[in-house]
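See below for the structure under consideration.
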Amino acid sequence: MNINQLITMKAQGEKIAMVTCYDHASAAIVNQSDVDMILVGDSAAMVMHGESSTLPIDTETMAMHTRAVVKGAPDKFIVADMPFMSFRKSLDSNMAAVETLMKTGAHAVKLEGVAGNEHLIEHMVQSGVPVMGHLGLTPQSINQFGGFKVQGREQAAQEKIIEQVQTLSDLGAFAVVLECVPAALTEGIAKSADIITIGIGAGGSTDGQVLVMHDLLGYPSSFSPKFVRKYLNTELLFKEAFNAYAKDVKSQSFPNDEESY
Ligand code: KIV
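Count along the sequence shown starting at 1, add 4, and that's the number in the working numbering.
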């Protein structure tokens with residue numbers, strides 16, 4: 005999958021399926037699936053490292069996750085997330101973070117917000133880096149939002165999001181994630197935007213959807229947003245497997261002769 009194929013999918017109205025992924029073993033399975041794009045999201049901080057927000061993860065850790073995913077899913081278009089503050093310093097330091105992520109083999113990077121990032125986005129695009137924006141509920145601003153809440157309910161906030169999508173497009177971004185915004189707002193944006201729109205909790209009119217892998221696979225979670233659809237009960241399946249294994253160890257039916265040297 006490459007950027008031109010994704011642009012063609014948008015033009016032809018074929019929906020794009022994106023999922024987050026953080027490790028090599030899972031990436032190898034996604035690689036065999038019909039999913040088009042992988043996001044190595046900074047949600048890794050929460051899902052893989054048990055943090056309560058995305059803020060603690062750094063560029064090196066994101067690069068480590070991205071490298072593992074790139075090796076596992078050579079056929080997919082892979083976007084690496086720029087972690088909190090990695091793009092809010094000097095242009096040199098911001099571009100160093102971009103370089104670290106792109107040199108893992110990722111095909112694009114994603115960064116949250118637009119205000120203050122305009123010069124960096126332009127510089128990235130001019131440097132050959134495909135840029136995906138992220139608007140609406142931007143989890144790196146969780147402390148300003150006061151929680152994981154739907155954004156863009158009021159008219160002024162809606163106008164700002166519409167304006168920011170246009171700015172991203174003008175700056176040369178190829179795509180934008182719209183997170184936790186009203187479906188009616190997304191509908192208008194998806195119809196008029198030149199860039200690829202990917203929704204999460206944003207209704208069905210975007211060019212594609214993204215979900216956190218562990219949410220869609222039904223891993224245990226203290227919070228399950230309304231927009232998550234669970235396609236598997238991994239919690240139950242894993243528990244059953246672990247219990248069956250523990251039972252076999254305790255009853256000494258594992259290992260048997262065939263499983264021994
Ligand atoms: O990090 C992430 O998983 C994300 C998605 C929720 C879009 O940014």
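Don't be surprised by glycine CBs; every beta carbon is placed ideally from N, CA and C.
Nearest to residue i (by Cα), restricted to the options the options
i: V214; options: I204, M136, K114 and M66; result: I204
i: A48; options: A32, Q36 and A72; result: A72
i: A110; options: G76, Q159 and V253; result: G76
i: K234; options: F242, V216, A248 and A250; result: V216
i: M22; options: K107, I200, R157 and L105; result: I200
i: T63; options: M89, I82, G117 and V51; result: M89
i: T142; options: H123, L115, E122 and P224; result: L115
i: L236; options: Y223, A250, I202 and A248; result: Y223
i: S97; options: C184, H53 and H127; result: H127
i: I20; options: A32, I33, H28 and M5; result: M5
i: S228; options: F152, E263, G212 and S255; result: F152
beta-carbon residue i near ligand 1 non-hydrogen atom, thresh 7 Å
i: I204; result: yes
i: E183; result: yes
i: G45; result: yes
i: H138; result: yes
i: V214; result: yes
i: D2; result: With the chain running from 5 to 265 in the structure shown, residue 2 is simply not present.
i: T58; result: yes
i: T65; result: no
i: T24; result: yes
Residue i and residue j closer than 8 Å at C-beta
i: V135; j: I125; result: yes
i: L189; j: T210; result: no
i: G137; j: G156; result: no
i: T104; j: A67; result: yes
i: G207; j: A187; result: yes
i: G45; j: T12; result: no
i: V129; j: L172; result: no
i: D219; j: V232; result: yes
i: Y249; j: F258; result: yes
i: I166; j: V185; result: no
i: L95; j: H123; result: yes
Cβ-Cβ separation, residue j to residue i (assumed contact under 8 Å), whole Å
i: V83; j: A112; result: 5 Å
i: I193; j: V169; result: 5 Å
i: N121; j: F91; result: 6 Å
i: L10; j: M52; result: So it is not a contact: roughly 26 Å between Cβ atoms.
i: K80; j: N8; result: So it is not a contact: roughly 15 Å between Cβ atoms.
i: P78; j: I61; result: About 24 Å; that fails the 8 Å criterion.
i: L43; j: D85; result: 7 Å
i: T108; j: V133; result: That pair is no contact at about 13 Å.
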